[in-house]
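In our numbering, the protein residues as written are 2 to 308.
No residue lacks a Cβ here, since even glycine has one placed at the ideal position from N, Cα and C.
Okay, structure first, notes after.
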Amino acid sequence: RMPVRLAAGCMALLALLLAGLVVSLQSTGRRAAALAAKKTKELETALVAADAANRAKSEFLANMSHEIRTPMNGVLGMTSLLLETPLDQEQQEFAETALRSGQSLLGILNDILDFSKIEAGKLDILLEPFDLHAVVGDVASLMTPAAAQKGLRFDPRISPDVPKTVVGDALRVRQVLLNLAGNAVKFTSQGHVAIKADCVERTDEHAVVHLVVEDTGIGIAEDVQKTMFDKFTQADSSITRRFGGTGLGLAISKQLVDLMGGKLGVKSSPGAGAEFWFTLSFGLPKAPKTKENSKSALKDLQAQISS
Ligand code: ADP
């Protein structure tokens with residue numbers, strides 16, 4: 002009989018111990034969960050504070066850049082006027098150098114302004130109908146003199162299936178193209194620079210357009226390609242010394258394309274030129290059924306059939 006009682010006693014003791022263990026585990030678990038929740042809350046607060054600080058910094062930069070731009074435009078305007086007055090050759094050269102330096106400073110300021118606006122989440126993308134062919138043509142005519150000065154050909158090639166009128170942000174598309182084309186001319190000493198536009202997908206409501214800026218310049222090493230879209234990054238300091246620049250152009254271009262819902266990338270190897278591409282999906286304007294429109298739709302159709 003005794004062993005049975007003993008066994009029962011042991012069992013009871015064991016059950017008690019187990020129950021104690023479970024209770025203690027539960028309370029440890031609760032404590033751990035409470036601690037985790039507290040730490041998560043602390044982290045969230047820290048993250049919000051860091052985000053706010055970053056935004057404040059970007060806002061400050063945006064405001065500052067704006068304040069600096071206004072007097073800068075005064076300096077540039079006055080220097081241009083000065084250049085129209087009678088000057089001797091030396092004075093003329095000094096004033097021209099002042100103008101060029103001012104223009105390049107303004108370019109840098111504009112980059113910083115744009116970049117800080119993007120970081121502060123204050124850059125809005127417009128959705129308005131515009132002529133995409135004209136934007137590409139404009140960039141080409143702006144870049145042609147600089148290319149010609151270096152003995153480079155500059156070819157814009159817009160394939161006829163790219164719709165003329167699209168809905169998007171003309172200014173920002175132009176800015177990205179100018180940035181990429183500017184780099185292409187800057188880093189190419191012989192051969193050509195080309196801008197190409199192709200339509201890769203089209204429905205009644207939208208068109209996906211693939212834009213490429215291609216050059217026959219110095220090219221970019223693979224490891225550099227990975228970081229070159231980060232802000233203030235340049236391929237290497239010797240190249241920077243040779244070519245100048247802030248290292249903001251590509252970071253801005255990438256962010257602008259991101260904001261427009263597109264993708265931007267590069268294909269290149271050292272010595273073999275570079276091909277920067279970006280793809281954007283544009284809305285297409287709804288054509289109200291007027292006589293004029295059906296006439297131009299008919300023309301479009303004829304153009305498409307014959308191309
Ligand atoms: P930057 O104002 O210095 O040109 P970017 O952001 O536009 O700044 O470019 C960053 C770096 O990427 C450049 O300094 C250059 O090293 C490299 N890069 C950009 N475009 C080209 C190109 N077409 N060919 C060769 N290198 C390029």
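Query, Result
"Local conformation of L15 per DSSP, three classes", "helix"
"Short Cβ contact (8 Å threshold) for V210 with A198", "yes"
"Euclidean distance between Cα positions of G274 and L44", "46 Å"
"From S270, K123, G122, I196, residue whose alpha carbon lies closest to that of L143", "I196"
"Cβ contact (3+ pairs, closer than 8 Å) linking the segment 71-87 and the segment 36-43", "no"
"Start-to-end residues for the alpha helix (DSSP H) that takes in S270", "From DSSP, S270 is part of no alpha helix (DSSP H); its letter is neither H nor E."
"Ordered list of alpha helix (DSSP H) runs contained in the segment 75-123, each at least 4 residues", "90-120"
"Rounded distance between the beta-carbons of G138 and L281, thought under 8 Å", "The pair is not a contact, with the Cβ atoms about 17 Å apart (cut-off 8 Å)."
"Assumed close pair T217, G248 - CB separation to whole angstroms, cut-off 8 Å", "Not really, about 23 Å apart at Cβ, beyond 8 Å."
"Sequence-distant residues of its chain with Cβ nearer than 7 Å to G220 (five each side left out)", "S269, S270, P271, G272, A273, G274, A275"
"Option in V49, A208, V136, V177 with minimal Cα separation from L315", "Residue 315 is absent from the structure shown; the chain starts at 2 and stops at 308."
"Unbroken beta strand (DSSP E) run spanning K165, endpoints", "K165 -> no beta strand (DSSP E), and no H or E assigned at all."
"The alpha helix (DSSP H) enclosing L281, as first and last residue numbers", "Per DSSP, L281 belongs to no alpha helix (DSSP H); it is in the beta strand (DSSP E), 275-284."
"Cβ-based burial, G103 [other Cβ within 10 Å; buried from 16]", "buried"
"Beta-carbon gap between A63 and L114 smaller than 8 Å", "yes"
"Check: G328 C-beta below 7 Å from any heavy atom of ligand 1", "Since the first residue of the chain shown is 2 and the last is 308, residue 328 is not available in this structure."
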